[in-house]
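Trainee:
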């Protein structure tokens, strides 16, 4: 079954890039299933294995990020989730924010938050120090013994 | 129609949680004490229930998202989209029940 072809509108939408919304649509459908795998695994490891939420502390995070697998995992999850969520919020702004000024304000706020959170998260993952000097040794992962 | 509402509401909730979650995780860069103090609040009963709600939102959004993709790409799915809504809720319950048993066990100290 194919949908009936619509006639081209007489007036152009005014968008500079005509295919942009189709790319947004594709992006959501590609990143959605990827995020499903990334996030459900993240939840399973952090909340269901071991002692679940009770096990999460600085040493737990340090132990995970000692492995490049989890560094890359968390980075990919961060970037895709923020872009997927940010694009979803953009669609909601388009639907519900009626005033032009309100829309511009919300879109810029959204853009800044998405970029800000991605940059912050990426910096945290890759500048993370699992054995900070002078920290209470009992709070650090066991592999810090002998490092400091 | 209702699944459309569910998808939007869960999507917004997950987005705002994500902002907070990246900020709280960033405290690992401040000090182990700062991070442990904030993450400690995640382990309280009230926050434990909020987390359960968050996981519920993620599961609904995830599997309803798969249903939307299926309906967009296959006419079989389009014809059976009502049954697929049921499938989303069944998968949701099947995953949520064992999760709740284990997670609430951790939060309330039983397991």
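Chains as they are written, first to last, in the working numbering: chain U, 379 to 526; chain V, 1204 to 1314.
The beta carbon of each residue, even a glycine, is placed where N, CA and C say it ideally should be.
Cα separation between residue 459 (chain U) and residue 404 (chain U)?
Mentor: 15 angstroms
Trainee: Can you tell which of V:1225, V:1261, V:1222 has its C-alpha closest to the C-alpha of residue 1214 (chain V)?
Mentor: Taking the Cα of residue 1214 (chain V) as reference, the smallest distance to any Cα among V:1225, V:1261, V:1222 is reached at V:1261.
Trainee: Give a yes or no on whether 8 angstroms exceeds the smallest Cβ distance from residue 523 (chain U) to chain V.
Mentor: With 8 angstroms as the cut-off, residue 523 (chain U) does not count as an interface residue toward chain V.
Trainee: Within the 8 angstroms Cβ cut-off, does residue 1240 (chain V) reach chain U?
Mentor: no
Trainee: Output needed in chain order: residues of the region 429-441 of chain U with a Cβ under 7 angstroms from some Cβ in chain V.
Mentor: Listed by position along the chain: 429, 430, 431, 432, 434, 435, 436, 439.
Trainee: Which runs of the alpha helix (DSSP H) spanning at least 4 residues fall entirely within the region 414-446 of chain U, listed in chain order?
Mentor: 436-443
Trainee: Interface residues of chain U around residue 1270 (chain V) at Cβ under 8 angstroms?
Mentor: The premise fails here: residue 1270 (chain V) is roughly 11 angstroms from chain U at the closest Cβ pair, so nothing lies under 8 angstroms.
Trainee: Tell me whether residue 1229 (chain V) is buried or exposed, calling it buried when 16 or more other Cβ atoms sit within 10 Å of its Cβ.
Mentor: For residue 1229 (chain V), the number of other beta carbons within 10 angstroms of its own is at least 16, and it is reported as buried.
Trainee: Under 9 angstroms between beta-carbons, which chain U residues line up against residue 1260 (chain V)? List them in chain order, please.
Mentor: Going along chain U, no residue has its Cβ under 9 angstroms from residue 1260 (chain V), so there is no contact; the nearest lies around 11 angstroms.
Trainee: Any idea if residue 456 (chain U) is buried or exposed, counting beta-carbon neighbours within 10 angstroms, 16 or more meaning buried?
Mentor: buried
Trainee: Is residue 467 (chain U) close to chain V, meaning its C-beta is less than 8 angstroms from at least one C-beta of that chain?
Mentor: Closer than 8 angstroms to some Cβ of chain V, the Cβ of residue 467 (chain U) qualifies, so yes.
Trainee: For residue 1226 (chain V), report the span of its alpha helix (DSSP H) as first-last.
Mentor: 1205-1229
Trainee: Using a Cβ cut-off of 8 angstroms, pull out every chain U residue sitting near residue 1295 (chain V), in sequence order please.
Mentor: Per Cβ cutoff of 8 angstroms: no residues; residue 1295 (chain V) is ~12 angstroms from chain U at best.
Trainee: Thinking C-beta only, is residue 1267 (chain V) closer than 8 angstroms to residue 1206 (chain V)?
Mentor: yes
Trainee: Out of curiosity, what's the CA-to-CA distance linking residue 382 (chain U) and residue 1240 (chain V)?
Mentor: Taking the straight line joining both Cα atoms gives about 58 angstroms.
Trainee: Are the Cβ atoms of residue 1248 (chain V) and residue 514 (chain U) separated by less than 8 angstroms?
Mentor: no
Trainee: Do residue 463 (chain U) and residue 1272 (chain V) come within 8 angstroms of each other at the CB atom, strictly closer than that value?
Mentor: The answer is no: Cβ separation not under 8 angstroms.
Trainee: Quick one, are the C-beta atoms of residue 517 (chain U) and residue 438 (chain U) less than 8 angstroms apart?
Mentor: no
Trainee: Could you give the DSSP three-state label for residue 1314 (chain V): helix, strand or coil?
Mentor: The pLDDT assigned to residue 1314 (chain V) is 44, lower than 50, so where the model puts this residue is not dependable, and the model offers no usable value.
Trainee: DSSP three-state label for residue 381 (chain U), please.
Mentor: coil
Trainee: Determine whether the Cβ of residue 481 (chain U) lies closer than 8 angstroms to any Cβ atom of chain V.
Mentor: no
Trainee: Check whether the region 418-432 of chain U and the region 1299-1307 of chain V touch, using three or more Cβ-Cβ pairs below 8 angstroms as the test.
Mentor: They touch, by the three-pair rule.
Trainee: Could you compute how far the alpha carbon of residue 450 (chain U) sits from the alpha carbon of residue 505 (chain U)?
Mentor: Rounded to whole angstroms, residue 450 (chain U) to residue 505 (chain U) spans 13 angstroms at the Cα level.
Trainee: Using a Cβ cut-off of 7 angstroms, pull out every chain U residue sitting near residue 1310 (chain V), in sequence order please.
Mentor: Neighbours of residue 1310 (chain V) in chain U, taken as residues at a C-beta separation under 7 angstroms, are given in chain order as 431.
Trainee: Secondary structure at residue 1283 (chain V), three-state DSSP: helix, strand or coil?
Mentor: coil
Trainee: Hey, could you find the ends of the alpha helix (DSSP H) residue 1268 (chain V) is sitting in?
Mentor: 1248-1276
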